[in-house]
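This report concerns only the one structure given below.
Number of protein chains: 4
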Amino acid sequence: MIFEKEKRGEGERCVRVGGAVFGGARLVLIAGPCTVESRDQMIEVACAVREAGASMLRGGAFKPRTSPYAFQGLCAKGLEFLAEARERTGLPVVTEVLETAHLSAVAEVADMVQIGSRNMHNSALLRAAGGCGKPVLLKRGMSATLQEYLLAAEYVLDAGCRRVVLCERGIRTFETATRFTLDLTAVPLLKERTWMPVIVDPSHGTGRAALVPPMALAAVACGADGVMVEIHTHPDQALCDGEQSGTPEMFYKLVKDLGVIAGAVGRTV
Amino acid sequence: MIFEKEKRGEGERCVRVGGAVFGGARLVLIAGPCTVESRDQMIEVACAVREAGASMLRGGAFKPRTSPYAFQGLCAKGLEFLAEARERTGLPVVTEVLETAHLSAVAEVADMVQIGSRNMHNSALLRAAGGCGKPVLLKRGMSATLQEYLLAAEYVLDAGCRRVVLCERGIRTFETATRFTLDLTAVPLLKERTWMPVIVDPSHGTGRAALVPPMALAAVACGADGVMVEIHTHPDQALCDGEQSGTPEMFYKLVKDLGVIAGAVGRTV
Amino acid sequence: MIFEKEKRGEGERCVRVGGAVFGGARLVLIAGPCTVESRDQMIEVACAVREAGASMLRGGAFKPRTSPYAFQGLCAKGLEFLAEARERTGLPVVTEVLETAHLSAVAEVADMVQIGSRNMHNSALLRAAGGCGKPVLLKRGMSATLQEYLLAAEYVLDAGCRRVVLCERGIRTFETATRFTLDLTAVPLLKERTWMPVIVDPSHGTGRAALVPPMALAAVACGADGVMVEIHTHPDQALCDGEQSGTPEMFYKLVKDLGVIAGAVGRTV
Amino acid sequence: MIFEKEKRGEGERCVRVGGAVFGGARLVLIAGPCTVESRDQMIEVACAVREAGASMLRGGAFKPRTSPYAFQGLCAKGLEFLAEARERTGLPVVTEVLETAHLSAVAEVADMVQIGSRNMHNSALLRAAGGCGKPVLLKRGMSATLQEYLLAAEYVLDAGCRRVVLCERGIRTFETATRFTLDLTAVPLLKERTWMPVIVDPSHGTGRAALVPPMALAAVACGADGVMVEIHTHPDQALCDGEQSGTPEMFYKLVKDLGVIAGAVGRTV
Numbered sequence: 000m001i002f003e004k005e006k007r008g009e010g011e012r013c014v015r016v017g018g019a020v021f022g023g024a025r026l027v028l029i030a031g032p033c034t035v036e037s038r039d040q041m042i043e044v045a046c047a048v049r050e051a052g053a054s055m056l057r058g059g060a061f062k063p064r065t066s067p068y069a070f071q072g073l074c075a076k077g078l079e080f081l082a083e084a085r086e087r088t089g090l091p092v093v094t095e096v097l098e099t100a101h102l103s104a105v106a107e108v109a110d111m112v113q114i115g116s117r118n119m120h121n122s123a124l125l126r127a128a129g130g131c132g133k134p135v136l137l138k139r140g141m142s143a144t145l146q147e148y149l150l151a152a153e154y155v156l157d158a159g160c161r162r163v164v165l166c167e168r169g170i171r172t173f174e175t176a177t178r179f180t181l182d183l184t185a186v187p188l189l190k191e192r193t194w195m196p197v198i199v200d201p202s203h204g205t206g207r208a209a210l211v212p213p214m215a216l217a218a219v220a221c222g223a224d225g226v227m228v229e230i231h232t233h234p235d236q237a238l239c240d241g242e243q244s245g246t247p248e249m250f251y252k253l254v255k256d257l258g259v260i261a262g263a264v265g266r267t268v
Numbered sequence: 000m001i002f003e004k005e006k007r008g009e010g011e012r013c014v015r016v017g018g019a020v021f022g023g024a025r026l027v028l029i030a031g032p033c034t035v036e037s038r039d040q041m042i043e044v045a046c047a048v049r050e051a052g053a054s055m056l057r058g059g060a061f062k063p064r065t066s067p068y069a070f071q072g073l074c075a076k077g078l079e080f081l082a083e084a085r086e087r088t089g090l091p092v093v094t095e096v097l098e099t100a101h102l103s104a105v106a107e108v109a110d111m112v113q114i115g116s117r118n119m120h121n122s123a124l125l126r127a128a129g130g131c132g133k134p135v136l137l138k139r140g141m142s143a144t145l146q147e148y149l150l151a152a153e154y155v156l157d158a159g160c161r162r163v164v165l166c167e168r169g170i171r172t173f174e175t176a177t178r179f180t181l182d183l184t185a186v187p188l189l190k191e192r193t194w195m196p197v198i199v200d201p202s203h204g205t206g207r208a209a210l211v212p213p214m215a216l217a218a219v220a221c222g223a224d225g226v227m228v229e230i231h232t233h234p235d236q237a238l239c240d241g242e243q244s245g246t247p248e249m250f251y252k253l254v255k256d257l258g259v260i261a262g263a264v265g266r267t268v
Numbered sequence: 000m001i002f003e004k005e006k007r008g009e010g011e012r013c014v015r016v017g018g019a020v021f022g023g024a025r026l027v028l029i030a031g032p033c034t035v036e037s038r039d040q041m042i043e044v045a046c047a048v049r050e051a052g053a054s055m056l057r058g059g060a061f062k063p064r065t066s067p068y069a070f071q072g073l074c075a076k077g078l079e080f081l082a083e084a085r086e087r088t089g090l091p092v093v094t095e096v097l098e099t100a101h102l103s104a105v106a107e108v109a110d111m112v113q114i115g116s117r118n119m120h121n122s123a124l125l126r127a128a129g130g131c132g133k134p135v136l137l138k139r140g141m142s143a144t145l146q147e148y149l150l151a152a153e154y155v156l157d158a159g160c161r162r163v164v165l166c167e168r169g170i171r172t173f174e175t176a177t178r179f180t181l182d183l184t185a186v187p188l189l190k191e192r193t194w195m196p197v198i199v200d201p202s203h204g205t206g207r208a209a210l211v212p213p214m215a216l217a218a219v220a221c222g223a224d225g226v227m228v229e230i231h232t233h234p235d236q237a238l239c240d241g242e243q244s245g246t247p248e249m250f251y252k253l254v255k256d257l258g259v260i261a262g263a264v265g266r267t268v
Numbered sequence: 000m001i002f003e004k005e006k007r008g009e010g011e012r013c014v015r016v017g018g019a020v021f022g023g024a025r026l027v028l029i030a031g032p033c034t035v036e037s038r039d040q041m042i043e044v045a046c047a048v049r050e051a052g053a054s055m056l057r058g059g060a061f062k063p064r065t066s067p068y069a070f071q072g073l074c075a076k077g078l079e080f081l082a083e084a085r086e087r088t089g090l091p092v093v094t095e096v097l098e099t100a101h102l103s104a105v106a107e108v109a110d111m112v113q114i115g116s117r118n119m120h121n122s123a124l125l126r127a128a129g130g131c132g133k134p135v136l137l138k139r140g141m142s143a144t145l146q147e148y149l150l151a152a153e154y155v156l157d158a159g160c161r162r163v164v165l166c167e168r169g170i171r172t173f174e175t176a177t178r179f180t181l182d183l184t185a186v187p188l189l190k191e192r193t194w195m196p197v198i199v200d201p202s203h204g205t206g207r208a209a210l211v212p213p214m215a216l217a218a219v220a221c222g223a224d225g226v227m228v229e230i231h232t233h234p235d236q237a238l239c240d241g242e243q244s245g246t247p248e249m250f251y252k253l254v255k256d257l258g259v260i261a262g263a264v265g266r267t268v
């Protein structure tokens, strides 16, 4: 398998996306709203998280929704606002692609293409993303074993892409106090088996804003190369997942705290 | 939601696929190999299961595989052999579609298009399948709640298709004695909430051929409108999932036993 | 292991409790309230389920409760009422023991001692129950693999008891539409590995009265030696688990339907 | 409920066991073998972990085993060796009690009585332990929701004990790469709802020695008041759970690393 650690030299294990380097000494901090809701909202959040120390922007233009009648994202307009947010902040952008038909539009704007949890087994999309020329952020399926997860990444690698980053985002268990169960042990386990950088999304992993800071700190303590968090200037008005979105103030404090933990494990923010 | 029982009259709740009618008094028995491996294999199995009492053929031309290096199916050739098997037996054919790009080719040959467990959250494929003109067999995602499952079906219904059949095929749990945990309670629960017919796949649900007959009987006893089982003339030589494939002899006996149980719940085979 | 099939001759595999024989051609139908609430209630339910065709009575005198402040059962008084219900109906009684200290009191009254799901790993209680002289009904732990379950039974067997009956009662999974996920595949799997009779409790397994009849039928169809269901004359007034309790009328119809399914698999009620 | 945060003043929330204070600024580091195997082994490990910085000793005299034929511990002899280890090191001792009958013997020797995962629903034992006069370490059941876990602790509190410490030790999920899935989000969630101190056992939670250090660091980063780890001088010769036991050298390094993380979150070791 291409994903195996010994298949790649030490110097080849980082994934660079604009100024952000996954797998280096400096953590990658991805922040932004769950969904791009409007130009003003996206620019406002982008500037706020950049100010607070983010190294990369996130925001959904195409949204995977459980119901066909839920808001599905601003689509092309959303990509446009993401591009503008990048221009204003200088931060690279990652955004999700839901289907092969949208891939070229997404890849044209995004600095990194995200494949979400619900598509981790979508091999056609994995292969297409692996051939689109952009780095790929592949989230773990909500009931995927780590072995299945690595093999899904292998589809992307096999399609020619070597800039793949993994992201633990919670698995499905019997526990109902959280939206998913964040499986942080996946971090050292994945890093033992693969050279691919590993980040953690505590926003989806827990489903509650108050739990995001402690779990982000824990992620870094056990070796994550970065975190991805949902930030909204008005979480109570968010069109999607407001209960798991933090504020820019929360993120500002989180970056400071992450800096201290990062220092404790020989890294920086 | 279109899926709700009261949204559809009694007479509109059956899904007809050739001579097979899902949701009627007569159970639909779908049988065939996991994968179409060759023309001879497909014809041989098709004739054998027809002889034994199958009302519909199954067989994978495009296979979803965990590893990119595993056998991915005969693709177009597989569809061709399925068409020939239908001609020889007169039985309608259901086969899986993995991506939108293959949909027209699959829909041209198949009498019913299957969306597998790994694609249950693939909304682009759900919508496309819903618009392809053929009935759709939608399998439950391996970690999907019943609510999420019904909403995935709603994507297909919302795209214009009204001939949707649901299929319980096992969920992911801690138990390792079986490949998945067959959640048969889903059958009465789904039938309570929706007018869509519901069948059960005990081959994937258990992962072991010896467990298929008892669980097929149980499925019918709790109200399933049919079963879908993997049958191979030489399970030990199967290219895929041999351990869960039964033989035509097993299937012959199963049909007889299903007939008795069907009679006990007011149905026939 | 003593539990292995080959360790016991065909004729030794039945467990007789009064007139009820677990593992014989005739199914054992255990019915009664979740909790013994009063003398009148117990006698009333007992007479009603006997009338409907029950072969054994159930009723909790000592109740395992999640909260220390919930009703914990009538204790000694409950045992007394159970004894009276037996006298009135002639049906043998099974009731749960929660701790070693109560064992002699319970074993004096009960015809069969039940160890519940929450105590499946309580090896001290398993050993004590195995030495109390009465047959033991051992329920599966809610997150126990089948291997762990059989080894828990081995504790009872090793303590000298050979009259042990197993009971699948639902496992813990991510699904929230039911209280637990009834794992019916456990029935053929256990029967393949052990000589011990296996019954199913669809009341706890589903948590909803309307789901009990279809799942009881399914249990028998896949080989269960009996079922255990909660019946209350006034489920809406039950002190405990009312939503999963059926009425005597429901039970009466269920026994008739079970009779038909039983006939289909070569058994009787 | 007694467990609720507002029911207890700030100053009453620490649990003191000898020199170890759970819930204070200084983390409690519990270390020792899974099982007390011999006097020499226990003394050797105890001296080694004390040297490395442990604040408390662990070691099983009575062992809960899945099979009745597995080694069940040295029992009374084991307690004796634990007492001797305490004398030699000055460190307080925690050890598990499996049944009420052993409680007085265990409580006489132990500075803190442990109730293990398999007994979390054993209400008789919970109540008895709550009345034994010693502080109680209550591990989370392997399929217990946090609500059920807190209610189990309430049984101990209701019996009069106020010195209860909680311990996350992994839950049962579909993932097979680890023995259990360590649910670290339980740490901030429990600390939000209760005043009881919370520690983490990454040895059982992961089942592999190499994963213990990163997960111990993560536990402290998200707010745990201590960790409990299995240490053996010769893990490959351990009678029980050798694959999850670290060496004294590993522990020595872990304590140093924990010190740095502790500093980053305003605590010490």
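Residue numbers (numbering that gives the first Met the number 0), protein chains in the order written: chain A, 0 to 268; chain B, 0 to 268; chain C, 0 to 268; chain D, 0 to 268. Glycine is no exception: its CB is placed at the ideal position from the N, C-alpha and C atoms.
Run of the beta strand (DSSP E) containing residue 221 (chain B), from where it starts to where it stops: Here residue 221 (chain B) belongs to no beta strand (DSSP E), and DSSP marks it neither H nor E.
Curious, which full-length beta strand (DSSP E) runs of at least 3 residues does the segment 131-167 of chain A contain? Qualifying beta strand (DSSP E) stretches, in chain order: 135-138, 163-167.
Anything in the segment 165-181 of chain D with a Cβ closer than 7 Å to a Cβ of chain C? List those residues in chain order, please. 171
Would you say residue 259 (chain B) faces chain C, with C-beta separation under 8 Å as the test? yes
Looking at residue 199 (chain C): is its Cβ nearer than 8 Å to the Cβ of residue 223 (chain C)? yes
Does the distance from the C-beta atom of residue 91 (chain B) to that of residue 55 (chain B) stay below 8 Å? yes
Considering only heavy atoms of the ligand ADP, does any lie closer than 7 Å to the CB of residue 217 (chain D)? Looking at this structure, you won't find the ligand ADP or any other ligand, since it has none at all.
Which chain D residues are close to residue 222 (chain A), counting only those with a beta carbon under 8 Å from its beta carbon? Going along chain D in sequence order, the residues near residue 222 (chain A) (Cβ under 8 Å) are 213.
Quick one: list the residues of chain B neighbouring residue 205 (chain C), beta-carbon separation under 9 Å, in chain order. 184, 187, 188
Touch test, the segment 120-137 of chain B against the segment 95-110 of chain A, Cβ-Cβ under 8 Å, three pairs minimum: yes
Environment of residue 202 (chain B) [buried if 16+ CB atoms lie within 10 Å]: buried
Residue 26 (chain C): contacting residues in chain D (beta-carbon distance under 9 Å): Under the 9 Å cutoff, chain D gives no residues; its nearest Cβ is about 30 Å from residue 26 (chain C).
Thinking residue 29 (chain D) and residue 225 (chain D) are a contact (beta carbons under 8 Å), I'd like their distance in whole angstroms, please. 7 Å
Could you tell me whether the Cβ atoms of residue 167 (chain D) and residue 139 (chain D) are closer together than 8 Å? yes
Note the first and the last residue of the continuous beta strand (DSSP E) segment covering residue 311 (chain C). Any property of residue 311 (chain C) remains undetermined from this structure, which presents chain C solely from 0 to 268.
DSSP three-state label for residue 99 (chain A), please. helix
Given that a residue counts as buried once 16 or more other Cβ atoms are within 10 Å of its Cβ, and exposed if not, what is residue 15 (chain A)? exposed
Per DSSP, which residues does residue 170 (chain B) bridge with? Please list them. B:180
Within 8 Å of any Cβ in chain D, is that where the Cβ of residue 210 (chain A) sits? yes
If we cut at 8 Å on Cβ distances, does residue 103 (chain B) have a partner in chain A? no
Cβ-based neighbour list, residue 263 (chain B), same chain, cut-off 8 Å, excluding 5 preceding and 5 following: 220
Top-ranked residue by Cα proximity to residue 108 (chain C), from C:116, C:53, C:134: C:134
Within a Cβ cutoff of 8 Å, which residues of the same chain sit near residue 242 (chain A), ignoring the five residues on either side of it in sequence? 206, 207, 208, 234
Can you find the residues in the same chain that come closer than 7 Å, C-beta to C-beta, to residue 42 (chain C), ignoring five residues on each side of it along the sequence? 83, 84, 87
Residue 150 (chain A) versus chain D: which residues are under 8 Å apart at the beta carbon? Under the 8 Å cutoff, chain D gives no residues; its nearest Cβ is about 13 Å from residue 150 (chain A).
With C-beta atoms as the reference, is residue 150 (chain D) less than 8 Å away from residue 165 (chain D)? no
Please state whether the Cβ-Cβ distance between residue 218 (chain D) and residue 186 (chain D) is less than 8 Å. yes
Under a Cβ-count criterion, where at least 16 other Cβ atoms within 10 Å of its own Cβ denotes burial, should residue 182 (chain D) be classed as buried or exposed? buried
Spell out the partners DSSP gives residue 40 (chain A) in its beta bridges. DSSP output for residue 40 (chain A) lists no bridge partner at all.
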